[in-house]
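Number of protein chains: 2
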Amino acid sequence: MANLKNTQHDSISKIRKLRKEEISVDRLIEGIKKSDKASLAKAITLVESANPEHLEKAEELIGKSLSIASRSVRIGITGVPGVGKSSFIEVLGKTLTDMGKKVAVLAVDPTSALSKGSILGDKTRMEELSKDPNAFIRPSPSGKSLGGVARKTRESIILCEASGYDVILVETVGVGQSEIAVHSMVDFFLLLKLSGAGDELQGIKRGIMEMADAIAINKADGNNIERAKLAQVEFSRALHLYPPKENGWVPKVLLCSAIENKGITELWEVIQNFCKSMKDNGYFETNRRLQNKNWFLQTVDEQIRSYFHQQKSFITAEEEMLKAIDSNQISPYHAARKLLDQFKNQLK
Amino acid sequence: MANLKNTQHDSISKIRKLRKEEISVDRLIEGIKKSDKASLAKAITLVESANPEHLEKAEELIGKSLSIASRSVRIGITGVPGVGKSSFIEVLGKTLTDMGKKVAVLAVDPTSALSKGSILGDKTRMEELSKDPNAFIRPSPSGKSLGGVARKTRESIILCEASGYDVILVETVGVGQSEIAVHSMVDFFLLLKLSGAGDELQGIKRGIMEMADAIAINKADGNNIERAKLAQVEFSRALHLYPPKENGWVPKVLLCSAIENKGITELWEVIQNFCKSMKDNGYFETNRRLQNKNWFLQTVDEQIRSYFHQQKSFITAEEEMLKAIDSNQISPYHAARKLLDQFKNQLK
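So the sequences go chain by chain: A and B.
77 is the number that the working numbering gives to position 34 of the first sequence; each next residue is one higher, with no gaps.
132 is the number that the working numbering gives to position 89 of the second sequence; each next residue is one higher, with no gaps.
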């Protein structure tokens with residue numbers, strides 16, 4: 044309970060902060076165009092806001108951003124905690140900014156709804172990269188629903204692209220649902236693994252491995268190299284057990300070491316090869332169109348929901364039902380039924 | 044893509060199977076009352092069905108089940124893959140049926156949307172328990188959204204309770220979102236851990252540990268006992284770092300071994316103590332009321348969504364937008380906006 048309250052309190056203070064200054068979408072867009080990080084950060088906060096007052100502005104902002112958004116490569120990165128995601132992203136990010144690219148890191152964090160001090164919110168992460176003028180790092184709390192995260196992260200991608208970022212790294216942690224969400228909004232999906240630990244501790248293999256366009260075995264350094272090579276063979280073998288991908292891509296297994304900065308440029312080459320061959324066979328566009336359709340369907344659901352929760356009569360009826368449930372006068376299931384019937388009658 | 048298609052195909056064949064025989068809610072309820080497992084399984088399939096034709100029957104079924112549902116203890120069990128959840132649940136389940144209890148095991152599986160052969164769907168799991176006449180085991184695919192899983196698992200709990208099950212074990216796997224969903228529908232939340240592996244590989248500690256009412260260190264047998272005892276001290280210490288729970292309960296850390304059948308009855312005692320003290324201080328009811336309110340809110344959202352997706356005019360407009368997105372004529376975001384505006388006008 045305490046956590047829920049904290050989360051609520053957090054978002055209330057965020058809303059207040061936004062309210063204090065009158066938000067000008069045009070000014071935000073100007074800042075975004077100039078690649079001003081503060082404007083970009085503020086824009087993402089606006090889009091993430093649950094306040095109905097911000098909804099219209101957020102929509103305007105996304106609409107305008109879509110028209111100026113550049114085309115980036117969107118890369119999803121996942122792996123269980125302890126696999127070294129932060130250091131890996133730091134090194135990959137630095138490598139890319141050294142090449143003159145602009146890199147944005149968005150983190151989808153399924154745990155932050157529960158705990159304020161989630162691992163992705165850790166302030167000491169990616170210290171180097173966060174100081175880089177060509178890098179933008181943004182951990183995003185998931186809010187109430189994972190569907191919610193997905194939508195907002197997708198919109199954050201658009202905002203980053205409008206701000207001229209070439210490479211968007213979407214980081215996620217966990218086994219399952221958040222990966223599915225992230226997979227549905229990136230071009231390339233990378234799975235980080237370790238060689239040392241038993242596979243059974245590295246999370247569910249099947250579902251996540253099936254989504255991977257590449258597996259990078261991290262911490263392939265020092266005494267670990269031999270084991271990492273063995274793991275490489277094993278993972279390659281395991282990947283062969285899956286049916287070939289529709290897009291014709293054969294997932295690669297690479298060794299890398301974030302600490303020794305090894306295998307990072309090789310990985311970037313793989314990603315570039317992937318993009319080239321997907322653009323050649325048309326699948327890059329096919330995939331983005333499919334993702335757009337999913338984005339649309341999710342947005343529709345989300346907007347229908349928020350439409351009703353902006354109607355006073357609906358909110359009042361809902362609150363009455365909550366009171367009745369609280370005093371055990373009605374079962375939650377019947378209450379929902381009754382509320383919907385009431386609102387159906389209003390429709391006619 | 045192939046996976047998505049498979050999932051769709053699966054649900055289509057499921058729907059066809061249901062359609063073949065005319066479903067009689069009364070007959071299902073009769074079967075459920077008699078504790079007929081086939082009827083219970085069929086009832087859960089009906090509730091899980093996405094077919095609008097089944098919606099009304101599912102609602103009738105839940106409504107009737109609510110009126111005959113007995114009061115069970117609902118226990119959530121989580122832990123990363125490899126921690127031995129299946130063997131643990133098998134032994135706990137057998138211990139409980141030996142005491143004359145009826146045990147239902149429901150599995151919330153966030154990965155099965157992706158992969159047909161998910162680890163929770165493994166047929167060789169819980170072989171003993173699945174043969175027990177007083178046990179019912181049901182792995183539930185998560186479907187599209189995790190919100191969806193939550194609602195359906197909650198309803199499956201009601202169906203099991205209507206069928207006279209005293210103890211409902213809700214199993215989940217993963218780090219994050221699915222635990223939050225399961226936590227919101229159980230009375231007691233158990234976290235399984237291992238002593239051997241480093242904590243960093245055991246998933247995110249903070250969020251999940253904060254929810255736990257007990258931590259059981261599994262595989263505390265053979266050479267592992269000393270390490271398990273050390274882990275017990277460490278986890279107890281870690282738990283003390285959290286602020287005290289509102290309900291006054293101090294989470295316990297236990298050792299157990301599913302293989303040697305040790306620590307299982309002790310765990311059951313802890314759960315019974317928990318229930319007794321929560322019932323005494325009123326928190327058991329407070330918590331269930333809070334969960335009921337969340338259930339209501341989720342059901343309302345879900346039903347609003349499905350209401351629109353049953354309207355022909357809405358479906359047609361949505362399909363037109365999808366076509367326009369597919370041919371790059373409109374951005375997904377604008378399409379959603381336009382669809383909603385159209386439907387708003389219909390409301391007036």
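All C-beta atoms, glycine included, are put in the ideal place defined by N, C-alpha and C.
Values in this document were obtained by computation on a predicted structure and should not be read as measured data.
Original post:
According to a CB-to-CB cut-off of less than 7 Å, which residues of the region 320-349 of chain A neighbour chain B?
Top reply: Flagged, chain order: Arg332, Asn335, Lys336, Trp338, Phe339, Thr342, Val343, Asp344, Gln346, Ile347 and Arg348.
**OP:** Would you mind giving the Cβ-Cβ distance between A:Trp292 and A:Phe327, rounded to the nearest angstrom? I have them listed as a contact below 8 Å.
**Re:** Their Cβ separation, rounded to whole angstroms, is 11 Å, which puts A:Trp292 and A:Phe327 out of contact at 8 Å.
**OP:** Mind checking the region 362-376 of chain B against chain A and listing, in chain order, the residues whose C-beta falls within less than 8 Å of any C-beta there?
**Re:** Closer than 8 Å at the C-beta level to chain A, one finds these residues of the region 362-376 of chain B: Met364, Leu365, Ile368, Asp369, Asn371, Ser374, Pro375 and Tyr376.
Original post:
Which runs of the beta strand (DSSP E), 3 residues or longer, sit entirely within the region 225-295 of chain B?
Top reply: Counting only runs of 3 or more, we get 231-237 and 257-261.
Original post:
Taking the alpha helix (DSSP H) that B:Arg117 falls in, what are its first and last residues?
Top reply: According to the DSSP assignment, B:Arg117 belongs to no alpha helix (DSSP H) but to the beta strand (DSSP E) extending over Val116 to Thr121.
**OP:** Tell me whether B:Lys305 sits in a helix, a strand or coil according to DSSP, three-state version.
**Re:** Three-state result, B:Lys305: strand.
Subject >> Pick from B:Trp311, B:Pro375, B:Thr88 and B:Gly122 that is closest to A:Asn337, judged by C-alpha positions >> reply: Answer by Cα proximity: B:Pro375.
Original post:
What's the C-alpha gap between A:Pro287 and A:Asn94?
Top reply: Straight-line Cα distance between these residues: approximately 45 Å.
Original post:
To the nearest angstrom, how far is it from the Cα of A:Val343 to the Cα of B:Glu170?
Top reply: Taking the CA atoms as reference points, A:Val343 sits about 44 Å from B:Glu170.
Original post:
Looking at the C-beta of B:Ala379, does it have a partner C-beta in chain A at a distance below 7 Å?
Top reply: Interface residue, yes.
Original post:
Relative to the C-alpha of A:Leu135, which residue among A:Asp175, A:Ser110, A:Pro124 and A:Leu98 is closest?
Top reply: Sorting A:Asp175, A:Ser110, A:Pro124 and A:Leu98 by C-alpha distance to the C-alpha of A:Leu135 places A:Asp175 at the top.
Subject >> Beta-carbon proximity list for A:Cys177, same chain, < 6 Å, skipping 5 on both sides >> reply: This sequence places Asn at residue 177 of chain A; Cys is not what is there. Here the set comprises Thr140 and Lys145.
Original post:
In whole angstroms, what is the alpha-carbon distance linking A:Asp264 and A:Glu303?
Top reply: Distance between the alpha carbons of A:Asp264 and A:Glu303: 7 Å.
Original post:
Which residue's Cα is closest to the Cα of A:Phe232: A:Ile105, A:Lys319 and A:Thr121?
Top reply: From the listed residues A:Ile105, A:Lys319 and A:Thr121, the smallest Cα separation to A:Phe232 is found for A:Thr121.
Subject >> Residues within the region 106-122 of chain B neighbouring chain A, beta-carbon criterion of under 7 Å >> reply: Answer set for the region 106-122 of chain B: Gly106 and Leu109.
**OP:** Taking only beta-carbon positions, decide if A:Leu233 is within less than 7 Å of chain B.
**Re:** Taking Cβ atoms only, chain B never reaches closer than 7 Å to A:Leu233, which makes this a no.
Original post:
Do the region 100-111 of chain A and the region 253-268 of chain A meet, that is, are 3 or more Cβ pairs less than 8 Å apart?
Top reply: Contact fails: fewer than three Cβ-Cβ distances are below 8 Å.
Subject >> chain B residues whose Cβ lies nearer than 8 Å to that of A:Leu383 >> reply: Close partners of A:Leu383 in chain B (Cβ separation under 8 Å): Val343, Gln346, Ile347 and Tyr350.
Subject >> Close Cβ partners of A:Asn261 (< 8 Å) along its chain, the five nearest in sequence each way excluded >> reply: So the list reads Gly122, Val126, Gly127, Phe131, Leu235, Lys236, Leu237, Cys299, Ser300 and Ala301, once near-sequence residues are dropped.
**OP:** Could you please give the first and the last residue of the uninterrupted alpha helix (DSSP H) stretch that includes A:Val68?
**Re:** It spans Val68 to Lys76 - the alpha helix (DSSP H) in which A:Val68 sits, taken as one unbroken run.
Subject >> CA-to-CA distance, B:Ile251 to B:Glu222, given in whole angstroms >> reply: Distance from the CA atom of B:Glu222 to the CA atom of B:Ile251, rounded to whole angstroms, is 7 Å.
Original post:
What three-state label does DSSP hand A:Ile180 in the structure shown?
Top reply: When secondary structure is reduced to three states using DSSP, A:Ile180 falls in the strand class.
Subject >> Cut-off 8 Å between Cβ atoms - residues of its own chain near B:Met228, not counting five sequence neighbours on either side >> reply: Excluding sequence positions up to five before and after B:Met228, its CB lies within less than 8 Å of the CB of Arg117, Gly119, Ala193, Thr196, Arg197, Ile200, Val213, Gln334 and Trp338, all in the same chain and listed in chain order.
**OP:** With a threshold of 16 other CB atoms inside 10 Å of the CB of A:Gly190, please say whether the residue is buried or exposed.
**Re:** Because A:Gly190 carries a pLDDT of 42, less than 50, the predicted location of this residue cannot be relied on, and the following value inherits that uncertainty. Within 10 angstroms of the beta-carbon of A:Gly190 lie 16 or more other beta-carbons, which makes it buried.
**OP:** Could you tell me how far apart the beta carbons of B:Ala360 and B:Leu382 are, in whole angstroms, since I believe they sit closer than 8 Å?
**Re:** Between B:Ala360 and B:Leu382 the beta-carbon gap is near 6 Å, inside 8 Å, which marks them as a contact.
**OP:** Would you mind sorting A:Val276 into buried or exposed? The rule is 16 or more other CB atoms within 10 Å of its CB.
**Re:** A:Val276 comes out exposed.
**OP:** Excluding the 5 residues preceding and the 5 following B:Leu310 in the sequence, name in chain order all residues of the same chain whose CB lies nearer than 8 Å to its CB.
**Re:** Hits under 8 Å: Leu135, Leu233, Ala257, Ala259, Leu297 and Cys299.
Original post:
When burial is assigned at 16 or more other CB atoms within 10 Å of the CB, is A:Ile358 buried or exposed?
Top reply: Exposed: under 16 other Cβ atoms inside 10 Å.
**OP:** With DSSP as the reference, label B:Val126 as helix, strand or coil.
**Re:** Coil, per DSSP.
Original post:
Going by beta carbon distance, what residues of the same chain come within less than 7 Å of A:Tyr285, once the five residues before and after it are set aside?
Top reply: These residues qualify, in order along the chain: Glu253.
Subject >> Given B:Cys203 as reference, the closest of B:Lys80, B:Met142, B:Lys355 and B:Ala378 once Cα atoms are compared >> reply: That would be B:Lys80, whose Cα lies nearest to the Cα of B:Cys203.
Subject >> CB of A:Ser129 within 7 Å of CB of A:Arg70, strictly >> reply: At least 7 Å separates the beta-carbon of A:Ser129 from that of A:Arg70.
**OP:** Give the residues of chain A in contact with B:Glu133, contact being defined as C-beta atoms less than 8 Å apart.
**Re:** The premise fails here: B:Glu133 is roughly 17 Å from chain A at the closest Cβ pair, so nothing lies under 8 Å.
Original post:
For B:Lys295, which residues from the same chain have a beta carbon less than 6 Å from its beta carbon, with the 5 sequence-adjacent residues on both sides left out?
Top reply: Ala257 and Val313, listed in sequence order.
Subject >> 8 Å contact criterion, which A:His377 and B:Gly106 should meet: CB distance rounded >> reply: Rounded to the nearest angstrom, the Cβ distance from A:His377 to B:Gly106 is 7 Å, consistent with a contact under 8 Å.
**OP:** Look at the alpha carbon of A:Lys305 and the alpha carbon of B:Glu363, and state the distance between them as a whole number of angstroms.
**Re:** One C-alpha to the other measures close to 49 Å.
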